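Residue numbers (the UniProt record's numbering): 1 to 93.
Beta carbons are placed, not taken as given, at the ideal position from N, Cα and C, and that holds for glycine.
Source: prediction; values computed, not measured.
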């Protein structure tokens with residue numbers, strides 16, 4: 001059992017064995033993904049702040065409520081857009 005019987009080639013550092021071309025990641029896609037993740041994190045942190053303040057019996061700051069109401073759905077919609085854009089671009093290749 002000293003031989004590697006796996007038929008999958010080992011991936012080198014640039015991901016060439018996976019068939020993925022790193023040049024396909026455009027700056028626009030990267031900005032879209034970073035914005036999506038940032039909005040989702042802001043929305044989740046705001047939702048957590050609202051829940052903690054409600055648990056403590058205090059009124060939550062309206063900014064946290066607004067951020068949770070808008071940032072979380074927008075973040076997930078942007079993530080969905082990035083998935084669709086990647087599916088369409090892989091279909092063209």
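| query | result |
| --- | --- |
| Sequence-distant residues of the same chain with beta carbon closer than 7 Å to residue 31, five excluded per side | none |
| Under the three-state DSSP convention, the category residue 60 falls into | coil |
| Cβ neighbours of residue 46 in the same chain (closer than 6 Å, five flanking residues each side left out) | 64, 67 and 68 |
| Cutoff 7 Å; reference residue 76; Cβ partners in own chain excluding five residues on either side | 40 |
| 8 Å Cβ shell around residue 53 - same chain, five flanking residues per side excluded | 59, 60, 61 and 64 |
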